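Residues in the sequence shown are numbered from 1 upward in steps of one, following this note's numbering. The block underneath contains the structure these notes are about, expressed in structure tokens.
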Amino acid sequence: MIGKHGMDVEALPYTAPPGEEGFDMSHAGGENEAFEGLAHQVADIGGYRYIDPRDCRDRTENLTSHWNIQVDCLMDAYLDYHARDSGNGMPNPEDLPSVLPLHMDMMDCPSLNNIELIDLFRRRRSSLQPIASHRFPNETLIYHGYIGCAPMYPTIAISLHTLATFRQSH
1 MIGKHGMDVE ALPYTAPPGE EGFDMSHAGG ENEAFEGLAH QVADIGGYRY IDPRDCRDRT
61 ENLTSHWNIQ VDCLMDAYLD YHARDSGNGM PNPEDLPSVL PLHMDMMDCP SLNNIELIDL
121 FRRRRSSLQP IASHRFPNET LIYHGYIGCA PMYPTIAISL HTLATFRQSH
């Protein structure tokens, strides 16, 4: 009956049921090396040369270490932001200088150009200028009332006012 529908009868007993394909793999049996070789072959065919050797734990440790490096600077930026608070959770526009001095090496910082800023009722794209004393992109974001979703190269930032509102409502 199965043979009439074009299915290979000989291969059926050797096929793992859906969802159980990974149970038969072990790192001791050498299957991992076979799949690494296959991944390299697919990467060569597709034109991609870089295969990320990191796993989820490595990436999480990387993110945590990047946040830990800048936590003191972010605290100072937050205290500066809080001192300029206009009472509604955002700094006074008059307190923000119109032209901020730049580091020459920060001029092309990709994390501050065309960043998506998310507030309670709107989303917009903006380019923020770092102050000379800021070493990290999130320092500049906190100075303007936002926090980036990534420690080093944020492309999205959420307003501190939005996070405070979320905290109060939950």
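Positions of the beta carbon are idealized from the N, C-alpha and C atoms, including for glycine. Bear in mind that the values here come from a model prediction, so they are computed numbers and not experimental data.
Sequence-distant residues of the same chain with beta carbon closer than 6 Å to residue i, five excluded per side
i	result
residue 159	119, 145 and 146
residue 125	114 and 116
Buried or exposed (CB count within 10 angstroms, at least 16 for buried), residue i
i	result
residue 129	buried
residue 156	exposed
residue 138	buried
residue 148	buried
residue 211	There is simply no residue 211 to check, as the chain begins at 1 and stops at 170 in what is shown.
residue 40	exposed
residue 154	buried
residue 167	exposed
residue 98	Interpretation of residue 98 is limited by its pLDDT of 45, a score under 50 that renders its predicted location unreliable; the figure taken from the coordinates is listed afterwards. With fewer than 16 Cβ atoms within 10 Å of its Cβ, residue 98 is classed as exposed.
residue 169	exposed
residue 82	exposed
residue 104	With a pLDDT of only 43 at residue 104, under 50, the local geometry of the prediction cannot be trusted, and no value is derived from it.
7 Å CB neighbourhood of residue i in its chain, flanking five on each side removed
i	result
residue 165	120
residue 136	70 and 73
residue 66	151 and 152
residue 56	none
Segment limits, alpha helix (DSSP H) that includes residue i
i	result
residue 57	56-83
residue 141	137-143
Host beta strand (DSSP E) of residue i (start-end)
i	result
residue 169	Per DSSP, residue 169 belongs to no beta strand (DSSP E); it is in the alpha helix (DSSP H), 160-169.
residue 186	Because the chain is modelled from 1 through 170, residue 186 falls outside the range shown and cannot be assessed.
residue 147	146-148
residue 122	Element bounds for residue 122: n/a, residue is neither H nor E.
Of the listed residues the options, nearest to residue i (C-alpha basis)
i	options	result
residue 163	126, 142 and 113	142
residue 80	161, 65, 140 and 44	140
residue 132	170, 169, 54 and 77	77
residue 53	44, 36 and 42	36
residue 122	45, 57 and 161	161
residue 134	75, 62, 124 and 125	75
Neighbourhood of residue i by C-beta, 8 Å cutoff - its chain only, sequence neighbours within 5 removed
i	result
residue 127	112, 113, 114 and 115
residue 63	150 and 151
Near the ligand MG: residue i beta-carbon under 7 Å from a heavy atom
i	result
residue 128	The ligand content of the structure shown is nil, which means the ligand MG is not present either.
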